[in-house]
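So in the numbering used here, the last spot in the sequence shown is 1140, and the numbers never skip. The structure appears right after this line, and notes come after that.
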Amino acid sequence: MSVTSSDSASHSGALEGSSAALEGSNAKRGLWSSRLAFILAATGSAVGLGNIWKFPYVTGENGGGAFVLVYLLCIAIVGIPIMMAEVMIGRRGGYSPVKSLSQIAERDRLKPAWKLVGAVGILAGFLILSFYSVIGGWAISYVGTTASGQLSGQSADAVGAIFSGLLSDPTTLLAWHTLFMALVMVVVVRGVRSGLERAVSILMPALFVLLLIVVGYAMTTGHFGQAAAFLFQPDFSKLTTSGILVALGHAFFTLSLGMAVMMAYGSYLPKNISIAKTSITVSVIDTGVALLAGLAIFPIVFANGLEPGAGPGLIFQTLPLAFGQMPMGSFFGTLFFVLLVFAAWTSGISLLEPIVEWLEERKGMNRTVSTLGAGIVCWALGIASILSLNLWADFAPLGFVPMLEGKTIFDLLDFFTANIMLPLGGLLVALFAGWVMSRQAMEKELALSPGMFNLWLITVRFVTPVAVAVVFIYNLM
Ligand code: TRP
């Protein structure tokens, strides 16, 4: 795609592949070939470690059913409306998020202060990617662990020891973290996502099928009913205010909301495609993958007497047990972790992309320099997360704050990004859509029936801001 202005230059990178096919219809910016192309890219961003690694472990830590219910509610009444708002702002503005927000604000005679939303989002993406890449590295490492066959017939203790062995070894962790970050940077620097996006349409269903296979195995453990009850029978005595904050934060994290990623993608969505339908589709797929991961993992947890609240290592201590026991386990296990790496990769790209675009647009750097610069700084920050797992495991820099007691740097990065920055970004998006954008423009973009439009507007005007504010205030007290 030719570079005619700094605008098209920075923007063509993100989605070049999908737009290339359509140069005829919109030569300057390119549009998604179809609703499907958008769904693939948005799903590629949304489905990642959040669904398979994070959802099960935060569910385990927060006592199961009641937490899951709050999480589902957050997806429905906060996540989906905000995803619609992000996509809508992106399509209406038609530029990168920072530019779209200030353009709409100006067009509607309001202050460009809304640029802040994009800026907070960019910082959040940067911080998330630094530890996301470390976990992506764990997933890469387990491709080898499963492929080697060393898991077959192992006990829970032995599988746990393999995982602790990995965490205690900073050099190995660093090597896999470096590889993951390099994979992300290679795609972002080349600005070519066509191959990856097409691959999503094959690999995501494959991941889904493999999860089903593990669920099938999990049913044979005799603890499937207990796991289903754990996930779907709410016990509100186990729900804490911090659990509600985690559920809200995770809804943002898993749907890739609150940092303007969906806004960037929305700017490529053709005008005649329903924002509501596509947003709901992406959210349903994303939630489905997470619930399936829960159904795959918890029967193994209970069958082996493991601790549901084991923390971030949960899937690496349970899934290898299943792969060690089921027929053709090495094969399925290897394939599973390859697909997990792939899902994390497409998400990682969507975390780095906004920073790179911003550096190009604002600082006038070319794509190579901005990708290398942002990627390397992010990689370096990741080292702090690696050390949090071993040498600095007892170092809690903000431990004097009661709420942050015992949290390592890794824990703090996760906490501040997912539970504070993303909901705050989402709150600003909701306020922007609810109170700043012109109603007329939004009615046109969303093309909903009057009843549905009003329902959505009330949600972003009142329900979302109040929900986020209440959860924040409760947690501060
Ligand atoms: N949603 C991804 C996951 O669940 C993570 C992710 C990718 C993300 N891009 C994002 C989270 C943007 C927040 C914002 O793994």
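Just so it is clear, CB atoms sit at the ideal spot from N, CA and C, and this is done for glycine as well.
In terms of alpha-carbon separation, which member of TYR805, THR944, PRO868 lies closest to ILE743?
THR944
Within 10 angstroms of the Cβ of VAL872, are there 16 or more other Cβ atoms? Answer buried if so, exposed if not.
exposed
Contact check, LEU908 vs GLY1089 under 8 Å by CB: the rounded distance?
Going by Cβ atoms, the distance from LEU908 to GLY1089 rounds to 13 Å, so no, they are not a contact pair.
Boundaries (first-last residue) of the alpha helix (DSSP H) holding PHE994
992-1026
The ligand TRP heavy atom lying under 7 Å from the CB of VAL924:
yes
Relative to the ligand TRP, is the shortest distance from any of its heavy atoms to the C-beta of THR1122 smaller than 7 Å?
no
Look at the alpha carbon of LEU958 and the alpha carbon of GLY1027, and state the distance between them as a whole number of angstroms.
48 Å
ASN1053 versus TYR795 - alpha carbon distance
17 Å
On the three-pair Cβ rule with 8 Å, is the region 839-852 touching the region 930-939?
no
Host alpha helix (DSSP H) of MET925 (start-end)
924-929
Since ASN1082 contacts GLY976 with CB under 8 Å, what's their CB separation in whole angstroms?
Not really, about 20 Å apart at Cβ, beyond 8 Å.
Report the residue from LEU1044, ILE702, ILE785, GLN980 whose alpha carbon sits nearest the alpha carbon of LEU1022.
ILE785
Rounding to the nearest angstrom, what Cα-Cα distance links THR884 and TYR758 in this structure?
51 Å
By Cβ distance, which residues of its chain are closer than 8 Å to PHE1056, with the 5 residues on each side in sequence left out?
Looking at the sequence provided, one finds Ala at residue 1056 rather than Phe. Within the same chain, ALA1056 has close Cβ partners THR1071.
Could you give the C-beta distance for PRO990 and GLY728, rounded to a whole number, given that I count them as a contact under 8 Å?
Going by Cβ atoms, the distance from PRO990 to GLY728 rounds to 32 Å, so no, they are not a contact pair.
Residue ranges of each alpha helix (DSSP H) run of no fewer than 4 residues wholly in the region 737-812, ordered along the chain?
743-756, 760-770, 778-810
If you run the structure through DSSP and keep just helix, strand and coil, what is SER632?
Summary: the structure shown does not reach residue 632, with the chain confined to residues 664 through 1140, and so no result is reported for it.
Does the ligand TRP have even one heavy atom less than 7 Å from the beta-carbon of SER796?
no
By the DSSP assignment, the alpha helix (DSSP H) with LEU1109 in it spans what residues?
1102-1109
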